Every structure is written in C-alpha cells, then in structure tokens.
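Asks: Would you mind keeping the following structure in view while I ask a few things?
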Amino acid sequence: MRVSPEVDAIRIDEDGVVAFTQALVRIPSVNDPGSGRSEQPAADLVAAKMREFGWEPVVSEAAPGRPNVVAVVDGGGGDGPTLMFEGHTDVVTEGALDTWTVDPYGAEIRDGRLYGRGSADMKGGVAAMLYAVRALQLAGPFPGRIKVCALADEEGLMLGVHHFVDSGLAADVDAAIVCEPEAGEICPVSKGALRFRVDFHGRMAHGAMPQHARNPIRTAGAFVVRLADLERELHARHGAHPHLGLPYVTPTVATAGDLDQINVIPAYATVAVDVRTVPGVDHPSLVERVRGIAAALGADDEVRAEVHVLVDRPPVDTPVDAPVVVALAAAHTAVTGEEPTYGGVPGTTDGTILTARGGVPSVVYGPGGKWIAHQADEYVELADIVRCTRVYAEAARRYLSASDRTGAR
Numbered sequence: 001m002r003v004s005p006e007v008d009a010i011r012i013d014e015d016g017v018v019a020f021t022q023a024l025v026r027i028p029s030v031n032d033p034g035s036g037r038s039e040q041p042a043a044d045l046v047a048a049k050m051r052e053f054g055w056e057p058v059v060s061e062a063a064p065g066r067p068n069v070v071a072v073v074d075g076g077g078g079d080g081p082t083l084m085f086e087g088h089t090d091v092v093t094e095g096a097l098d099t100w101t102v103d104p105y106g107a108e109i110r111d112g113r114l115y116g117r118g119s120a121d122m123k124g125g126v127a128a129m130l131y132a133v134r135a136l137q138l139a140g141p142f143p144g145r146i147k148v149c150a151l152a153d154e155e156g157l158m159l160g161v162h163h164f165v166d167s168g169l170a171a172d173v174d175a176a177i178v179c180e181p182e183a184g185e186i187c188p189v190s191k192g193a194l195r196f197r198v199d200f201h202g203r204m205a206h207g208a209m210p211q212h213a214r215n216p217i218r219t220a221g222a223f224v225v226r227l228a229d230l231e232r233e234l235h236a237r238h239g240a241h242p243h244l245g246l247p248y249v250t251p252t253v254a255t256a257g258d259l260d261q262i263n264v265i266p267a268y269a270t271v272a273v274d275v276r277t278v279p280g281v282d283h284p285s286l287v288e289r290v291r292g293i294a295a296a297l298g299a300d301d302e303v304r305a306e307v308h309v310l311v312d313r314p315p316v317d318t319p320v321d322a323p324v325v326v327a328l329a330a331a332h333t334a335v336t337g338e339e340p341t342y343g344g345v346p347g348t349t350d351g352t353i354l355t356a357r358g359g360v361p362s363v364v365y366g367p368g369g370k371w372i373a374h375q376a377d378e379y380v381e382l383a384d385i386v387r388c389t390r391v392y393a394e395a396a397r398r399y400l401s402a403s404d405r406t407g408a409r
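Letter by letter, the sequence shown follows residues 1 to 409 in full-length UniProt numbering.
Written out as structure tokens, the structure reads:
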C-alpha cells in the first residue's frame, strides 16, 4: 500500500487492530434475550479498550442490557469542530450452523480474510475507528475533538442512535463518519425506509353466507394491487437515483384467517409493507397517500382500515462537497493512491438517524464487502481493516485541521 508521507507519519498498529477485530468477532453479540445474548459483552470490550487508550468512556443503556459506549478524545490543539466516528456492536443471528464452513464466532484467519459473524458488519469498522483515533492522538495535537461511538441495536429499531440523539449527544457534533462495510465506496447518500402495518377490520361470517360478512381479505388484496400502482408512480416521478436505484414499495407480510377453519370469513386481515425511498421522495406525503388508498378501499367494502407507521427513516443526501466528504475522499486518495468511488447505501444505517433527527451531516465508509453482511461465512479482508484505519485517521486529520469548514456547526 503506497501512502503519502503525511499519512505515513500516523503510525497504525496493524497487528493490534486485527487482533481487536478478532476479539470482537469472538463475542456473539446478537440481541437474543431468550439465550442471554446481547451487545453487553462487546460493549464492555470496547469500553475496556478505550480505557487502555487512556480515554474515559461513558456507558449508558439505550435499553436494559444494551449499552452505548461513547468516548470524547480532545485533540489538545485548540478550538475546532467535533467529528464523530460511529459503529454498532450488535450483530444479526448466525442462522443455521450447517450453512457455515467456519465457526461463526471463531474469528478464523484464512488466506488474508477474517471470518465470522459481524466481521464485516461491522466489528472490523468498530476496531478500525478506535485504532485510527488512537493513532491520530499519538501522532501529536490536533484541533477540536473526536467522539468515538459504539452504539447498540443498529440491526433492530436503532434504539442506540435514537438514545444518543435524544440524550443531546449529537448536539455538538459537526459531522459523522459511519464505519459500515461499503467495499471502498464513499457513500454520502442512503435510501430511506418506511414500514407500515395496515389492519383491515371487517365482519366475520360463515363461508357459505358471504353476504353477511365484510371480507377484509378482498380489501387487503385490492390494497396490495394498489401498492404496485403506487410504486410505478414513484418510478415515473423520481426515476432511478445514480447511486441508489429505484424506490420500492414491497408488501412483505399478509395474514388473515385460519387454515383449520377455511369455512370462516375472518374479521381481520393485515398487510405489512416495506418502502424504500430515494432523495426527493417526501415521506409525510407518501404516508398520507397510503392512508388515503387504504381508507378509500375500506370505504368501498365497508371495512375499516388502520395504517400504523412502524418505521420512518428519511433518505440521507449529504452533498459531495460537504467538508466531511471532501476530507474522506482526500484521505482515501492519499492512502490508496486511487481516486474515490462514490456510491450509496441501499438500506439505512445509524447515520440515517444522526442526519434526519440529529442534523449531523454523515457519510458511510468502512471495511468489508458491500453485500457480504448477514450471510454465512461472512468475512473481512485484513488489508481492508488496515486500509480503513489509515483512511479514518487521515480523514480526521484533514477534517479537523481544515481552514475552511463551511457547513460545520
């Protein structure tokens, strides 16, 4: 790896960051209360590493047994902005063990790859951000400060980042680098997400006497058809985003009735919908559109429709000329010798909440393949962990030392 002299002056502990990634992967930090598993042991390990570095982490529970870990590292070089590095400590379940060729929590290294659940998503990123900030700190004073944040529950309802924002901890953050795996792409844009549960309340009756029923299944079926029309309208209006593709409106769950009583017209039907949006799609207007469709179809069938918004995460559209994106792109080039490739996050990250609710410009960049997360035999390249550690350190140096911080709080 060719690096510029200024980058080389920041000495990265390559063996240390790999070993710490291994230690994190060996912890099965799945949120599974039934088996006693949670992020707690991983958060404890992160906090211990921070203390080893001489930092003073603050541990706070986003939910019982699900802690956030936050350390503020002052640069000692005078006034400056606050840059945040963010990662999450939870991982998804390993799934069926017979689909793995390695121990999901063995952190085995083979042919330059570190295997295990969470290796890419995103314990490699968590390790890299800690070791990057420590390397920058050891290289000498820098202006401003860095918040190093390992949060809980990104894979679920994002309780950790919501707690972080609601606690006021985002108020002084000028920009955030989210260390999710993106295969070397700099991703200043992310798709938004809306999730609905739509309940249709009808009237139960005997299947031989449908005239006495108000069949909610008919209404639910018509609703699903109208969702396809709505998706086509969104395609026509917004087109395909250059990094995110098309918006989608996808029914994912449909329930009604009982297979043991096929002769009964049910009183209730439910449809759940996962909507993925691109910049330009107005979420409040889309929510009202869905409510209007459900209500109109229900009125036609004398069925009452209730629309519940379960998740509302707007798209992220950080400009490529935002100071944090510029610093990250310059750091990528300085470390790799290559021009940056820009991309988009097809799902949502904690950065979505930092930007939408905390007002923090965010960009996503981290070690690991873009599509490897949540799969069996998940892995991260060792060279990728080290590269991202170098890029993070250099991006922080450039962002915090820049004379022009237009857009910073």
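Beta carbons are placed, not taken as given, at the ideal position from N, Cα and C, and that holds for glycine. Every value quoted in this text rests on a predicted model; they were computed, and no experiment measured them.
1. Between which residues of its own chain and Pro279 is the CB-CB distance below 6 Å, once the five residues before and five after are set aside?
2. Of all the options Gly87, Pro346, Glu154, Phe20, which has the alpha carbon lying nearest to the alpha carbon of Glu108?
3. Fully enclosed by the segment 108-184, which beta strand (DSSP E) runs are 3 residues long or longer?
4. Out of Ala135, Val102, Phe164, Glu39, state which residue places its alpha-carbon closest to the alpha-carbon of Met122.
5. Curious, which full-length beta strand (DSSP E) runs of at least 3 residues does the UniProt domain "Peptidase M20 dimerisation" (191-300) contain?
6. Pro28 by DSSP, collapsed to three states: which one?
7. To the nearest angstrom, how far is it from the Cα of Leu244 to the Cα of Tyr342?
8. Under three-state DSSP, which class holds Phe20?
9. Going by DSSP, what residue range makes up the beta strand (DSSP E) through Val380?
10. Please report the straight-line C-alpha distance between His374 and Leu24, rounded to a whole angstrom.
11. Rounded to the nearest angstrom, what separates Gly106 and Gln22 at their Cα positions?
12. Given Leu382, which residues of its chain have a CB within under 8 Å of its CB, disregarding the five upstream and five downstream residues?
13. Would you mind giving the Cβ-Cβ distance between Leu194 and Val326, rounded to the nearest angstrom? I have them listed as a contact below 8 Å.
14. Taking the alpha helix (DSSP H) that Thr336 falls in, what are its first and last residues?
15. According to DSSP, what are the bridge partners of Pro67?
16. Around the C-beta of Trp55, are 16 or more other C-beta atoms found within 10 angstroms, so that it is buried, or is it exposed?
17. Identify the continuous alpha helix (DSSP H) that holds Asp44 and give its terminal residues.
18. Unbroken alpha helix (DSSP H) runs of length 4 or more, entirely within the segment 346-398: which are they?
19. In whole angstroms, what separates the C-alpha of Ile146 from that of Gly76?
20. Let me confirm a value: Thr348 is counted as buried when at least 16 other C-beta atoms fall within 10 Å, else exposed. Which label applies?
21. To which residues of the same chain is Asp172 closer than 6 Å at the C-beta, ignoring the five residues directly before and after it?
22. Which same chain residues end up closer than 8 Å to Arg51 when comparing Cβ atoms and leaving out the 5 residues on each side of it in sequence?
23. Per DSSP, Asp312 forms a beta bridge with which residues?
24. Can you tell me the Cα-Cα spacing of Ala63 and Leu297, whole angstroms?
Replies: On the basis of the data shown:
1. Pro315, Asp317
2. Phe20
3. 113-115, 145-151, 175-178
4. Glu39
5. 192-201, 248-256, 268-277
6. coil
7. 11 Å
8. helix
9. 379-381
10. 16 Å
11. 8 Å
12. Val18, Ile109, Gly112, Arg113, Leu114
13. About 31 Å separates the two Cβ atoms, so there is no contact after all.
14. 323-336
15. Glu61
16. buried
17. 40-52
18. 350-356
19. 11 Å
20. buried
21. Thr82
22. Pro57
23. Leu194
24. 39 Å
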